[in-house]
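Here's the structure we're looking at; comments come further down.
Have a look at this one:
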């Protein structure tokens, strides 16, 4: 069983891309839903992998845990701490401190309820259940430490017979010192010489606060004077030797505590490998619980991993926008909803050209796809609808935002171009490429020409590509080039606002003239502007208008087919779930009947209705009843009331 949380080939998505996608914030969101420092640390270290089987295994574990939650609940992680550093430090010559051992004991003690939790799911979650095999029975170590050290990290008096004897002797001597001071303080001749009534302490020694003018009037040792010099702190002669005895005993106590701590530390060290394996398992288990909590909060799903290289997202939402809008609403701001995104790639086309207005959500669409791909390859449920599927990408490259480099004195355009050239050199059929505003930052004609050349090269590389652009010429690529399609970010010409919805199969319309008319530009100016559009632009707009309805009809048919397929899948999964439940119920019943047949008088049984244990007196099969004694009482119960002892 592999316990890695995101390995395989590390760096499946390069760090530069993860930074631009703000993936660290997704990891932090996930960490917030973990219950222990072990799980939180693991969540913050997640890195996408290209190991298909490992990703499938992670999602299977999440699904199994999700399905168990209504009946069994989350695994009990109370008392679990990240004590890996302490366990590793047990190899050093210096013994561990008592509080460190107490933390280790509390963590190891928590493995007992976790083992019982895994026992309860053993027959219901095969993949998840394998994690339980890596949790060792460490309760004897926890008990040994707990016998010697309490929960506050204090060594108990009876951690060893010698320590108990030393502390008992110290207690007796302290009582004798107290009696000495009680006797001295009952003498009025002494109390008149004190700065205030009562004794105080200098380090561990009890002393009297003698007025400075009475120096020498009380026989004993002056340990110090007050800052003003008006008070002398004197240890009476009668208690000096008693205090000296306590100091010697304290030294012996310290040595004995060190010996005890060393023995306990050695026990931890001897079992360090088993403890660390258990801790790694607990980290993975807590991370799985965190994934389930995160998925439940943001309605996430475990996508299907598509071996044919097809990405098909249904109602996908940007994970960071979900969190942002939720925080806004909790702060009293008006509620906002993340507009879901339907997008596919790698099936009937490999390159998608997205067009639409500024602030229309094109960049958000790019980042949504990139983030969801990275999440999926970490085994994190994605904020998307049921039936969504993704391939496993070897790498994800993104060019977005202002990447101008002052050190190299590069313009925005040249910086973007340099980045795109690097992307071309690293892309292949297993690469996802995301480019924002392709061809921008220079002369539109030249930008369009270079944009077209870049798209051609990406097509030759078979790279799965999504680009956004404002250049009308690039819309035409889909009409003349196989494996390329358009998508439009909708724009409401009535409100002059983007809707943020994406429409596959149609390019974004030129909204400038429509907006101008809505803002009151005279009709003759609109007419003149239309005349000045070049022939190719008018031809493109005419072609778009001519194919628009057929494209929309094709997309509606595709969506209907998808819904039918998804419904069939739901029915199939429900049938399989019921079949598994029936199989498990049948096995449980057969096991119960075998146990019942083997029962003999005197065997321990559990009475379900009374929720108590008892001893079998006799079974009356012809009446389907049994007589059970529980304490001084006997009960005649139906056989189906009997169960194995708890």
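Numbering (my numbering), first residue to last: 68 to 713. Positions of the beta carbon are idealized from the N, C-alpha and C atoms, including for glycine. Just so you know, these numbers come straight off a predicted model, no measurement behind them.
Please check the pair residue 306 and residue 247, which I expect to be a contact at CB under 8 angstroms, by giving their CB distance rounded to whole angstroms.
-> The C-beta separation of residue 306 from residue 247 comes to about 5 angstroms, placing the pair in contact by the 8 angstroms criterion.
With a 10 Å radius around its C-beta and 16 neighbouring C-beta atoms as the bar for buried, classify residue 379 as buried or exposed.
-> With 16 or more other Cβ atoms within 10 Å, it is buried.
Only counting runs of 4 or more residues, tell me where the alpha helix (DSSP H) segments fall wholly within the stretch 478-535, in order along the chain.
-> The qualifying runs are 479-492, 511-527.
Tell me which same chain residues have a C-beta within less than 7 angstroms of the C-beta of residue 470, skipping the five on either side of it?
-> The predicted model places residue 470 with a pLDDT of 46, which falls under 50 and marks its position as unreliable; any figure quoted below should be read in that light. If you ignore the 5 residues before and after residue 470, its C-beta comes within less than 7 angstroms of the C-beta of 482, 483, 486, all in its own chain and listed in chain order.
Which word fits residue 572, buried or exposed, when buried means at least 16 other C-beta atoms lie within 10 angstroms of its C-beta?
-> With a 10 Å radius around the Cβ and a threshold of 16 neighbouring Cβ atoms, residue 572 comes out buried.
Which stretch, first to last residue, makes up the alpha helix (DSSP H) that contains residue 333?
-> Note, residue 333: alpha helix (DSSP H), 304-337.
Residues near residue 530 in its chain [Cβ-Cβ closer than 6 angstroms; skip 5 each side] | So the qualifying residues of the chain are 494, 498, 500.
Count the C-beta pairs between the stretch 206-218 and the stretch 170-181 that are closer than 8 angstroms, then say yes if the count reaches three, no if not.
-> Output reads yes: the stretch 170-181 touches the stretch 206-218.
Would you kindly work out how many angstroms separate the C-alpha atoms of residue 127 and residue 370, rounded to a whole number?
-> Their backbone Cα atoms lie some 10 angstroms apart in a straight line.
List the whole-angstrom C-beta distance separating residue 538 from residue 515, where the pair is believed to meet the contact cut-off of C-beta under 8 angstroms.
-> The Cβ separation is near 5 angstroms, so the contact holds.
Report all residues from its chain with a CB closer than 8 angstroms to the CB of residue 257; omit the five preceding and five following residues, and keep chain order.
-> Closer than 8 angstroms at the Cβ level, and outside the excluded window around residue 257, lie 251, 275, 285.
Identified DSSP bridge partners for residue 421 | Residue 421 is bridged to 535, 554.
Which word fits residue 473, buried or exposed, when buried means at least 16 other C-beta atoms lie within 10 angstroms of its C-beta?
-> Caution is warranted here: a pLDDT of 41 is assigned to residue 473, below 50, making its placement in the model unreliable, and the coordinate value is therefore given only provisionally. Counting C-beta atoms within 10 angstroms of its own C-beta, residue 473 has fewer than 16 neighbours from the protein chains shown and is therefore classed as exposed.
How is residue 164 classed by DSSP in three states: helix, strand or coil?
-> Shown here, residue 164 sits in coil according to DSSP, grouped into three states, outside any helix or strand.
For residue 150, name the three-state secondary structure that DSSP assigns.
-> It is coil, neither helix nor strand.
Where do the N-terminal and C-terminal ends of the alpha helix (DSSP H) with residue 183 fall, by residue?
-> Per DSSP, residue 183 belongs to the alpha helix (DSSP H) from 178-188.
Could you check the C-alpha separation between residue 144 and residue 103 for me, to the nearest Å?
-> A direct Cα-to-Cα measurement between residue 144 and residue 103 gives close to 7 angstroms.
Beta-carbon proximity list for residue 532, same chain, < 6 angstroms, skipping 5 on both sides = Counting only Cβ-Cβ distances below 6 angstroms, and skipping sequence neighbours, we find 418, 500, 525.
When you compare each of 629, 109, 158 to residue 454 by their alpha carbons, which one comes out closest?
-> Selected option, being the one with the closest Cα: 629.
What did DSSP end up calling residue 476 once you bin it into helix, strand or coil?
-> Confidence at residue 476 is low in this model, with a pLDDT of 43, below 50, so its placement is unreliable and no value can be given for it.
Would you call the stretch 94-102 and the stretch 430-441 in contact, with 3 or more CB pairs under 8 angstroms?
-> Short answer: they don't touch.
Could you check where the alpha helix (DSSP H) with residue 132 kicks off and where it finishes?
-> Per DSSP, residue 132 is one residue of the alpha helix (DSSP H) stretching across 119-139.
Are the stretch 344-355 and the stretch 379-389 touching by the rule of at least three beta carbon pairs closer than 8 angstroms?
-> Touching, no.
Measure the Cβ-Cβ separation of residue 505 and residue 518 and say whether it is below 8 angstroms.
-> Yes. Within cutoff.
Identify the continuous alpha helix (DSSP H) that holds residue 694 and give its terminal residues.
-> Counting along the chain, no alpha helix (DSSP H) covers residue 694; the unbroken beta strand (DSSP E) around it starts and ends at 692-697.
Could you give the DSSP three-state label for residue 565: helix, strand or coil?
-> Reduced to three states, the DSSP call for residue 565 is strand.
Considering only C-alpha positions, which residue in the set 677, 706, 701 is nearest to residue 39?
-> One cannot answer for residue 39 here, as it falls past the ends of the chain, which runs 68 to 713.
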